[in-house]
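Note that the sequence shown ends on residue 636 in my numbering; no numbers are left out. Here a beta-carbon is modelled for each residue, glycine too, at the ideal position from N, C-alpha and C.
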Amino acid sequence: MFGANLRYKISKKLRDMSKIGLFFGPEKGSVHRVAEKLAAAIGEDKVEMVSVNDASYSDIDKFDKIIFGISTVGKETWDSEYSNTDWSKFFPEVSKADYDGKVVALFGLGDHVTYPDHFVNAMGRLAKELAKKDAKIVGSVDPDDYEFEESEALIDGKFVGLPLDEDFDPELTDERISNWLKSIQAEFGF
Ligand SMILES: Cc1cc2nc3c(=O)[nH]c(=O)nc-3n(C[C@H](O)[C@H](O)[C@H](O)COP(=O)(O)O)c2cc1C
């Protein structure tokens, strides 16, 4: 009844929908390493890794379950109009996607020792863009387990996603990931 091409497109869409889209950037660094840890913990077969460097809003539209990973490297760096890679390029795409019926979770890399007043701010900025689109965000984290002064990622008294500090708290990463995955497991169905 359907042509081969259409059948392929439908099956590809169904396959993508059943997977978790794990959007990460930058291409190399802590976010990427943590994204690989998350994929391994969830199960490689349940996750599709997507580098934000190569992605657009249509890639977000392919998934019902989405995890975004972002680092804070200073506002001037990551959303500068002169920069055209990774999150600086992808950030405007986030608000073009449709989040109806989707579930979203965030993790953010930061450094709580050098930047205690701006800890994982980029995760907060991303969450605010998603909130404007009425995206359902799960996986908030209690800030009591972290040392920092201020963060734009605090929403209603909680971190809107999972903060990780590979620079000064790398030994805590695995346990933080494991606890966080338990907290989103039911919503993400893995
Ligand atoms: C130029 C620069 C600015 C940074 N600014 C912040 C910041 O404002 N807040 C924060 O929590 N971490 C900040 N960091 C720390 C990074 O977020 C951290 O090193 C992170 O692990 C980088 O991940 P990536 O290698 O995947 O980009 C900054 C790092 C650099 C190099």
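Buried versus exposed call for Tyr528 [16 or more other C-beta atoms within 10 Å across all chains shown]: Counted from its first residue, the sequence shown places residue 528 at position 82. Because Tyr528 sits at a pLDDT of 49, beneath the cut-off of 50, its placement in the model cannot be relied upon, and the following sentence gives the value as read from the coordinates. Classification for Tyr528: exposed.
Backbone secondary structure at Phe636 - three-state DSSP: In the sequence shown, residue 636 corresponds to position 190, counting from 1. If DSSP states are grouped into helix, strand and coil, Phe636 belongs with coil.
Contacts around Thr619, its chain only, beta-carbon distance under 6 Å, and the 5 residues preceding and following it disregarded: As a first step, residue 619 must be located in the sequence shown, where it is residue number 173. Cβ neighbours of Thr619 beyond the five flanking positions: Leu610.
Residue list, Cβ distance to ligand 1 heavy atoms smaller than 6 Å: Pro472, Gly475, Ser476, Val477, Ser517, Thr518, Val519, Gly520, Thr523, Leu555, Gly556, Asp557, Tyr561, His564, Phe565, Val566, Asn567, Glu612 and Asp613
Exposure label - Asn567; buried when at least 16 CB within 10 Å: Here residue 567 refers to the residue found at position 121 when the sequence shown is read from its first residue. Classification of Asn567: buried, given that the 10 Å Cβ count is 16 or more.
Which of helix, strand or coil DSSP assigns to Gly570: What you label residue 570 is simply residue 124 of the sequence shown in a count that begins at 1. Three-state DSSP puts Gly570 in a helix.
DSSP beta-bridge partners of Lys511: Along the sequence shown, read from residue 1 onward, the residue named residue 511 stands at position 65. Answer is Ile466 and Val549, bridged to Lys511.
Straight-line gap, Ser464 to Ile512 (C-alpha atoms, nearest Å): Position 18 of the sequence shown, counted from the start, is the residue given in the question as residue 464. Position 66 of the sequence shown, counted from the start, is the residue given in the question as residue 512. About 11 Å.
In DSSP terms, what Ile516 is bridged to: Here residue 516 corresponds to residue number 70 of the sequence shown, with the count starting at 1. BP columns for Ile516 point to Gly554.
Given 8 Å, three or more beta-carbon pairs between the region 477–493 and the region 559–579: no
Exposure label - Thr531; buried when at least 16 CB within 10 Å: Here residue 531 is taken as the residue at index 85 of the sequence shown, counted from 1. Answer is exposed; the Cβ neighbour count stays below 16.
Length of the line joining the Cα atoms of Arg461 and Val493: On the sequence shown, residue 461 is found 15 positions in, with the first residue counted as 1. On the sequence shown, residue 493 is found 47 positions in, with the first residue counted as 1. In this predicted model, Arg461 has a pLDDT of only 47, less than 50, meaning its place in the structure is not dependable; the value taken from the coordinates is given anyway. Between Arg461 and Val493, the C-alpha separation is close to 11 Å.
Residue from His564, Ile601, Glu621 and Ser502 whose Cα sits closest to the Cα of Val540: For the purposes of this step, residue 540 is taken as the residue at position 94 of the sequence shown. If we check each option's Cα against that of Val540, Ser502 comes out closest.
Three-way DSSP call (helix, strand, coil) for Phe536 in this model: For the purposes of this step, residue 536 is identified with residue 90 of the sequence shown, where counting begins at 1. Phe536 falls in the helix class under three-state DSSP.
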